[in-house]
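Count along the sequence shown starting at 1, add 1, and that's the number in my numbering.
Here the structure comes first, spelled out in structure tokens, and everything after it is commentary.
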Amino acid sequence: MNKPAIAIAAGGTGGHFFPAKSLALQLTRRDYPVVFMTDKRIEDRELASWHDIRQFVIDSAGINKKTIMKKIGNTFSLMKGIIEARKILVQNHVSAIVGFGGYPSIPPLFATRLLSKKNRPIIILHEGNAIIGKANAFLAPFATKIATSFPVTKGLSNSDKIVVTGLPVRPDITSLYPSVYEPPKETIHLLIWGGSLGARIFGEIVPYALGNLSLSLRKKLRITQQLRQEDIETITRYYQKNEIKAKLSPFLTNIGDLLQKAHLVIGRSGGSSTAELALTNRPAILVPYPHAANKEQYYNAQILEKEGAAWLINQPDFTIANLTQLINDLFSHPEKLQKAALSHKTAYPNAAKNLADLIERSVANLSF
Ligand SMILES: CC(=O)N[C@H]1[C@@H](OP(=O)(O)OP(=O)(O)OC[C@H]2O[C@@H](n3ccc(=O)[nH]c3=O)[C@H](O)[C@@H]2O)O[C@H](CO)[C@@H](O)[C@@H]1O
Numbered sequence: 002m003n004k005p006a007i008a009i010a011a012g013g014t015g016g017h018f019f020p021a022k023s024l025a026l027q028l029t030r031r032d033y034p035v036v037f038m039t040d041k042r043i044e045d046r047e048l049a050s051w052h053d054i055r056q057f058v059i060d061s062a063g064i065n066k067k068t069i070m071k072k073i074g075n076t077f078s079l080m081k082g083i084i085e086a087r088k089i090l091v092q093n094h095v096s097a098i099v100g101f102g103g104y105p106s107i108p109p110l111f112a113t114r115l116l117s118k119k120n121r122p123i124i125i126l127h128e129g130n131a132i133i134g135k136a137n138a139f140l141a142p143f144a145t146k147i148a149t150s151f152p153v154t155k156g157l158s159n160s161d162k163i164v165v166t167g168l169p170v171r172p173d174i175t176s177l178y179p180s181v182y183e184p185p186k187e188t189i190h191l192l193i194w195g196g197s198l199g200a201r202i203f204g205e206i207v208p209y210a211l212g213n214l215s216l217s218l219r220k221k222l223r224i225t226q227q228l229r230q231e232d233i234e235t236i237t238r239y240y241q242k243n244e245i246k247a248k249l250s251p252f253l254t255n256i257g258d259l260l261q262k263a264h265l266v267i268g269r270s271g272g273s274s275t276a277e278l279a280l281t282n283r284p285a286i287l288v289p290y291p292h293a294a295n296k297e298q299y300y301n302a303q304i305l306e307k308e309g310a311a312w313l314i315n316q317p318d319f320t321i322a323n324l325t326q327l328i329n330d331l332f333s334h335p336e337k338l339q340k341a342a343l344s345h346k347t348a349y350p351n352a353a354k355n356l357a358d359l360i361e362r363s364v365a366n367l368s369f
């Protein structure tokens with residue numbers, strides 16, 4: 002018997018798209034036809050080449066914009082997205098829809114409300130952060146199940162809807178689990194990243210803090226840094242002048258290899274980044290994105306900090322002087338890095354499988 006179609010709705014930033022893609026891979030392996038709904042930021046050739054995946058770009062937008070014209074324009078996009086999504090759900094006979102959060106997941110999930118009870122797919126939400134996001138909070142009352150990435154998620158009260166699955170991470174990173182951590186000796190590998198869209202602050206602070214270290218420490222450094230294109234030339238020259246070996250790029254594609262090599266990671270604390278750190282046991286200095294609507298990166302980082310696996314620095318305190326002091330201390334006491342590496346407790350190597358199992362169980366409970 003043919004398996005029922007499952008739709009996946011995810012926004013087009015790495016934080017939402019990568020977990021959704023890992024789930025799509027699990028579901029196609031189990032012979033479920035997958036309908037993938039995302040926004041125009043994503044054009045993923047690999048995904049498009051998989052059999053049994055139908056990809057759709059859906060109109061969407063946040064409506065809490067400042068100008069009235071923007072509000073009207075975005076409301077129109079949202080309505081258009083809901084109508085498009087409803088058509089796709091009907092045409093593909095979708096039985097369940099999995100939402101990964103972000104505004105782009107709202108039209109496909111909301112579209113289910115416009116279908117008759119008999120034809121309405123069940124909703125399963127996945128929350129990638131340690132606090133429920135606005136889109137997921139809005140959709141939670143309609144969900145059959147809510148899968149979470151952390152053992153406790155702020156804003157979600159205990160209910161049998163909640164299942165802790167962990168956050169699906171790309172297979173090349175998951176396969177590194179369990180990863181052994183060796184403290185630095187002759188060379189110190191440092192990975193600096195800013196999330197899927199990058200972050201200017203790391204280019205403004207990290208190179209100059211590293212430049213303050215002693216020459217003997219600087220010569221040991223091997224830096225891989227995600228950096229805005231416009232900053233690469235200046236920072237390359239700065240590192241060369243300070244005898245620091247560095248590879249700089251606006252987007253790093255081989256995250257698995259880089260995490261495995263890294264003795265320390267400096268970066269943001271989005272849901273996927275923190276899950277990847279936990280899976281690979283890497284110690285980190287985390288600077289949460291300060292403008293996030295509900296401080297989700299702060300709560301993610303706080304969990305790792307409480308475990309002893311990371312040092313949380315809020316952006317106003319992330320200064321050249323403070324960072325110089327911290328990394329000087331960590332590089333002079335590598336046992337502190339090793340202790341942090343051994344302290345991770347939130348790794349879920351089977352997250353994609355856990356989530357696919359949950360979907361499979363929920364779909365099996367439907368009567369056709
Ligand atoms: C500004 C913003 O709204 N950020 C949100 C967005 O973040 P964002 O998408 O930046 O954050 P995540 O940490 O969740 O994901 C980043 C992903 O990009 C990958 N990566 C990063 C840099 C690079 O050079 N190469 C690369 O492959 C990482 O390995 C990771 O898989 O979604 C997250 C998950 O809901 C939220 O926690 C964040 O608050």
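Idealized CB from N, CA, C, for every residue including glycine.
Reference Gly204; option with closest CA among Leu79, Leu28, Lys146, Pro251: As a working note, residue 204 is residue 203 in the sequence shown. Among Leu79, Leu28, Lys146, Pro251, the Cα nearest to that of Gly204 is on Pro251.
Burial state of Ser215 (16 or more Cβ within 10 Å): Mapped onto the sequence shown, residue 215 falls at position 214. Ser215 should be labelled exposed.
Whole-angstrom distance between Pro350 and Ser176, CA atom to CA atom: One-based indexing of the sequence shown puts residue 176 at position 175. One-based indexing of the sequence shown puts residue 350 at position 349. Rounded to the nearest angstrom, the two C-alpha atoms are 8 Å apart.
Closer than 6 Å: Glu297 CB and nearest ligand 1 heavy atom: For the purposes of this step, residue 297 is taken as the residue at position 296 of the sequence shown. Yes, since a heavy atom of ligand 1 falls inside the 6 Å radius drawn around the Cβ of Glu297.
Cβ-heavy atom distance, Leu253 to ligand 1, below 6 Å: Locating residue 253 in the sequence shown gives position 252, where the first residue counts as 1. The answer is yes for Leu253.
When Thr188, Gly195, Phe111 are compared against Thr14, the one with the closest alpha-carbon: Here residue 14 refers to the residue found at position 13 when the sequence shown is read from its first residue. Selected option, being the one with the closest Cα: Gly195.
The region 233–241 / the region 303–315 touching (three or more Cβ pairs under 8 Å): no
Ala279 CB to nearest heavy atom of ligand 1 below 6 Å: For the purposes of this step, residue 279 is taken as residue 278 along the sequence shown, with counting starting at 1. Checking every heavy atom of ligand 1 against the Cβ of Ala279, none is found closer than 6 Å.
Beta-carbon proximity list for Val165, same chain, < 6 Å, skipping 5 on both sides: The count along the sequence shown starts at 1 and reaches residue 165 at position 164. Excluding positions up to five away in sequence, the list reads Thr149, Pro152.
Which residues DSSP lists as bridging Ile193, in chain order: As a position in the sequence shown, residue 193 is number 192, starting the count at 1. DSSP, once it has assigned bridges, lists Gln226, Ile267 as partnering Ile193.
Collapsed DSSP secondary structure at Phe369 in the structure displayed: Against the sequence shown, residue 369 aligns to sequence position 368. Bear in mind that the predicted position of Phe369 carries a pLDDT of just 46, short of 50, making it too unreliable to give a figure here.
Identity of the residue in Gly271, Lys296, Pro289, His264 nearest Arg283 by Cα: On the sequence shown, residue 283 is found 282 positions in, with the first residue counted as 1. For Arg283, the nearest C-alpha among the options comes from His264.
Status (buried if at least 16 other CB within 10 Å, exposed otherwise) for Ala352: Taking the first residue of the sequence shown as 1, we reach residue 352 at position 351. When all chains shown are included, Ala352 counts as buried.
Sequence-distant residues of its chain with Cβ nearer than 8 Å to Asn93 (five each side left out): Numbered from 1 along the sequence shown, position 92 holds the residue referred to as residue 93. Excluding positions up to five away in sequence, the list reads Ala6, Ala8, Pro34, Val36, Arg55.
Reference Ser117; option with closest CA among Val91, Pro109, Val99, Leu278: Along the sequence shown, one-based indexing puts residue 117 at 116. Among Val91, Pro109, Val99, Leu278, the Cα nearest to that of Ser117 is on Val91.
Three-state class that DSSP yields for Ala311 in the structure shown: Within the sequence shown, residue 311 is the residue found at index 310, counting from 1. Three-state result, Ala311: strand.
Straight-line Cα distance separating Lys162 from Leu278: Residue 278 sits at position 277 when you count from the first residue of the sequence shown. Residue 162 sits at position 161 when you count from the first residue of the sequence shown. Their backbone Cα atoms lie some 27 Å apart in a straight line.
For Thr113, the residue or residues it bridges with in DSSP: Translated into the one-based positions of the sequence shown, residue 113 becomes position 112. Bridge partners of Thr113: none, in fact.
Any non-hydrogen atom of ligand 1 within 6 Å of Thr237 CB: Working through the sequence shown from its first residue, we reach residue 237 at position 236. Thr237: no, Cβ never under 6 Å from ligand 1.
Cα-Cα separation between Ile328 and Ser180, rounded to whole angstroms: Within the sequence shown, residue 328 is the residue found at index 327, counting from 1. Within the sequence shown, residue 180 is the residue found at index 179, counting from 1. Computed Cα separation, rounded: 23 Å.
Any non-hydrogen atom of ligand 1 within 6 Å of Tyr290 CB: Within the sequence shown, numbered from 1, the residue matching residue 290 stands at position 289. Yes, since a heavy atom of ligand 1 falls inside the 6 Å radius drawn around the Cβ of Tyr290.
Other residues of its chain near Ile202: CB distance less than 7 Å, five sequence neighbours each side excluded: Here residue 202 is taken as the residue at index 201 of the sequence shown, counted from 1. Cβ within range, chain order: Val288, Gln316, Phe319.
Contacting residues, own chain, Cβ-Cβ under 7 Å from Phe369 (five flanking each side not counted): For this step, residue 369 is matched to residue 368 along the sequence shown. Caution is warranted here: a pLDDT of 46 is assigned to Phe369, below 50, making its placement in the model unreliable, and no coordinate value can be reported.
Which of helix, strand or coil DSSP assigns to Ala141: Taking the sequence shown and counting its residues from 1, one reaches residue 141 at position 140. Here Ala141 sits in helix by DSSP.
Beta carbon proximity, Gly212 to chain C, threshold 7 Å: Considering every chain present, this structure includes no chain C. It has just one protein chain.
7 Å Cβ cutoff met for Leu324 and Pro184: What you label residue 324 is simply residue 323 of the sequence shown in a count that begins at 1. What you label residue 184 is simply residue 183 of the sequence shown in a count that begins at 1. Going by C-beta atoms, Leu324 is not nearer than 7 Å to Pro184.
Stretch pair the region 136–144 + the region 248–262: three plus CB contacts closer than 8 Å: no
Residues that DSSP places opposite Gly100 in a beta bridge: Residue numbering aside, residue 100 sits at position 99 when the sequence shown is read from its first letter. Paired residue(s): Ala10, Leu126.
C-beta atoms of Ser273 and Phe57 nearer than 7 Å: In the sequence shown, residue 273 corresponds to position 272, counting from 1. In the sequence shown, residue 57 corresponds to position 56, counting from 1. Against a cut-off of 7 Å, the Cβ pair of Phe57 and Ser273 comes out as no contact.
Residue closest to Gln27, alpha-carbon to alpha-carbon, out of Leu367, Leu359, Ala365, Asn366: Locating residue 27 in the sequence shown gives position 26, where the first residue counts as 1. Of the candidates Leu367, Leu359, Ala365, Asn366, the one whose C-alpha sits nearest the C-alpha of Gln27 is Leu359.
Gly257: CB within 6 Å of a non-hydrogen atom of ligand 1: For the purposes of this step, residue 257 is taken as residue 256 along the sequence shown, with counting starting at 1. Not under cutoff, so the answer is no.
Beta-carbon proximity check, Ile124 vs Phe143, cutoff 7 Å: In the sequence shown, residue 124 corresponds to position 123, counting from 1. In the sequence shown, residue 143 corresponds to position 142, counting from 1. In this structure, Phe143 lies closer than 7 Å to Ile124 by Cβ.
First and last residue of the uninterrupted beta strand (DSSP E) at Ser274: Position 273 of the sequence shown, counted from the first residue, corresponds to residue 274. From DSSP, Ser274 is part of no beta strand (DSSP E) but of the alpha helix (DSSP H) over 272–281.
Reference Ser270, options Val364, Leu198, Ala357, Pro105, closest by Cα: Here residue 270 corresponds to residue number 269 of the sequence shown, with the count starting at 1. For the residues Val364, Leu198, Ala357, Pro105, the minimum Cα distance to Ser270 belongs to Leu198.
Span separating the alpha-carbon of Ala10 from that of Val99: Taking the sequence shown and counting its residues from 1, the one referred to as residue 10 is at position 9. Taking the sequence shown and counting its residues from 1, the one referred to as residue 99 is at position 98. Going by the C-alpha atoms only, they are around 6 Å apart.
Boundaries of the beta strand (DSSP E) in which Thr39 is found, first to last residue: Reading the sequence shown from its first residue, position 38 is the one you call residue 39. First-last of the beta strand (DSSP E) with Thr39: 35–39.
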